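Note that the numbering used here has the sequence shown beginning at 33, numbered continuously upward. Here the structure is laid out as structure tokens; the discussion comes afterwards.
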Amino acid sequence: MTALGAALVFTVKTVNQKFLDSMMGFAGGVMIAASFWSLLAPALEMGEGGSLPSWIPAAIGFLLGGIFLLVIDKLLPHLHPEKPIEQAEGIHPANKRRSTLLVLAITLHNIPEGLAVGVAFGAVAVGFESATLSGAIALAIGIGIQNFPEGVAVSMPLRRDGMSRRKSFLYGQFSGMVEPIAAIIGALAVVFVEPILPYALSFAAGAMIFVVAEEVIPGSQENNNTDLASMSLMIGFVVMMILDVSLG
């Protein structure tokens, strides 16, 4: 889906800003819904019957996920789409090319998304009752849908900067490469260390909420399309909720 979004550079010269903002808002809604329905709710359920109150593993994992992304955000050189190079973040961003910084920004977003999918499938593999294959597939579909605008967000700015269509596409789709890697890490961690599952689920949820609050929602509303982006976020939330409840 990331590659499909990046492939728009071969068919159009520009993408309507309202469309981009609505897609970004939609992605935020999908991520928020996935964080609760597919990750936090199962984490709370799995915590029941343990020696600790059920909310403790979920709360600890959720906060650790946000802290983890905060630390990565401060360390990893990156540039959010549509921002001037002077607003690049991380350690020594001035030493990096704009194309590299844009790819690293979307890569940062994809880490918690990959972890979420991997942990969900890992929970199914170890046989937890509250984890279902259809629910994990629903999460993968939802995350896949919101990857589309991320591919666009990298390839289109690079094309506007004068990069060839082929290179713009390659950089755009490359930003999604970390997602399956993170998914494998998340799945393996759960399979081999089953007791951490509630923490792992809520960790992925916290990391995704951090991304939504720090970049996705602000990015969708910085071009004065606030109402459109807000309604798109609600639609994305409902779509992901329906996917999770109906399939899970």
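Here a beta-carbon is modelled for each residue, glycine too, at the ideal position from N, C-alpha and C. Quick caveat: nothing in here was measured; it's all calculated off a predicted structure.
Original post:
Taking all protein chains shown into account, do 16 or more other C-beta atoms lie within 10 angstroms of the C-beta of H141, making it buried, or fewer, making it exposed?
Top reply: buried
Original post:
Quick one, which of L220, D193, V248 and I173 has its alpha-carbon nearest S131's?
Top reply: D193
**OP:** Could you check if N179 is buried or exposed, using at least 16 other CB atoms within 10 Å of its CB as the buried criterion?
**Re:** buried
**OP:** Could you check which residue in A91, V149 and F160 has the C-alpha nearest to that of G238?
**Re:** A91
Subject >> Cβ neighbour criterion (16 or more within 10 Å) applied to S70 >> reply: buried
Original post:
Mind checking E211: buried by the 16 CB within 10 Å criterion, or exposed?
Top reply: buried
Original post:
In chain order, what residues of the same chain lie with their CB nearer than 6 Å to the CB of I42, ignoring the 5 residues before and after it?
Top reply: Reading the sequence as shown, one finds Phe at residue 42 and not Ile. Once the five neighbours on either side are set aside, the close Cβ partners of F42 are R197.
Original post:
With DSSP run on the structure shown, which of helix, strand or coil describes E254?
Top reply: coil
Subject >> Simplified DSSP state of E161, which is helix, strand or coil >> reply: coil
Original post:
When the Cα atoms are used, what is the spatial distance from M33 to S187?
Top reply: 13 Å
Original post:
Where does H141 fall in DSSP's three states?
Top reply: helix
Subject >> Whether P109 touches L233 by CB criterion (8 Å) >> reply: no
Subject >> Contiguous alpha helix (DSSP H) assignments of at least 4 residues, all confined to the stretch 216-278 >> reply: 229-243 and 249-253
Subject >> Runs of alpha helix (DSSP H) wholly within the stretch 44-76 (minimum 4 residues, chain order) >> reply: 49-65
Original post:
Are three or more beta carbon pairs between the stretch 148-155 and the stretch 52-72 nearer than 8 Å?
Top reply: yes
**OP:** Return the residue from the list A152, I173 and G174 that minimises the CA-CA distance to T164.
**Re:** A152
Subject >> Reduced DSSP category for E121 - H, G, I as helix; E, B as strand; rest coil >> reply: strand
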